[in-house]
Amino acid sequence: MSPQWYKENPKRLMIEVRAVKERYPQFELLKLEDGNLSWRGWLQTSRMADTFGKLYNVLIVYPSSFPSQPPSSYVAEISGKESTPHQFPDGKLCLFDPDDPKQWTPKSTAVVIITWTAAWLHAYEAWKKTGSWPGRAL
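All residue numbers for the sequence shown refer to our numbering, where the first residue is 8 and numbers rise by one.
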């Protein structure tokens with residue numbers, strides 16, 4: 008097993024913690040059984056209609072190859088409960104086109120993934136209401 012990214016680069020871990028805590032203070036940093044780090048917290052969608060304004064329990068998991076690879080995002084209330092667009096069978100959200108180098112760079116932080124997860128949740132609620140996923144398909 009290779010060393011964890013945060014042990015190899017503690018400065019980067021400090022940058023991650025500072026960035027997430029500044030933008031999303033409701034998230035807490037956790038260490039998973041496999042040694043990987045994750046953020047767990049709640050995101051709430053806008054209260055624009057009957058189906059909007061829900062709280063979602065979100066888990067952001069860093070891969071051991073971070074920051075070369077982005078963290079993964081999961082939503083407890085949605086994962087595996089139904090066939091959902093832009094979600095992999097294991098429950099991981101499809102947040103961006105992995106073939107587009109502008110989407111994720113090693114300088115990006117978990118804040119990007121959490122923000123994209125919030126946007127995904129808004130699209131999910133629109134899809135639940137209309138049957139159509141807003142935005143472009145990958």
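Cβ coordinates follow ideal geometry from the N, Cα and C atoms, glycine included.
Because the structure is a prediction, the values reported are computed rather than measured.
query	result
Beta-carbon contacts of Ala-133 that lie in its chain and below 8 Å, excluding the five residues immediately before and after	Ser-139, Trp-140 and Pro-141
Buried or exposed (CB count within 10 angstroms, at least 16 for buried), Gln-94	buried
Supposed close pair Ile-67, Ser-80 - CB separation, criterion 8 Å	5 Å
Presumed contact (8 Å Cβ cut-off) between Thr-116 and Glu-35, rounded CB distance	About 16 Å separates the two Cβ atoms, so there is no contact after all.
Short Cβ contact (8 Å threshold) for Ile-120 with Pro-78	yes
Own chain residues within Cβ distance below 7 Å of Gly-48, not counting five before or after	Tyr-31, Gln-33, Phe-34, Glu-35 and Val-65
Contacting residues, own chain, Cβ-Cβ under 6 Å from Ala-26 (five flanking each side not counted)	Thr-116 and Val-118
Local Cβ density within 10 Å of Thr-112, reported as buried at 16 or more and exposed below that	exposed
Cβ shell of Trp-127 (< 7 Å), same chain only, five flanking positions each side left out	His-93, Leu-100 and Leu-102
Best match in Lys-14, Met-21, Leu-62 and Ser-45 for proximity to Ala-125 [C-alpha to C-alpha]	Leu-62
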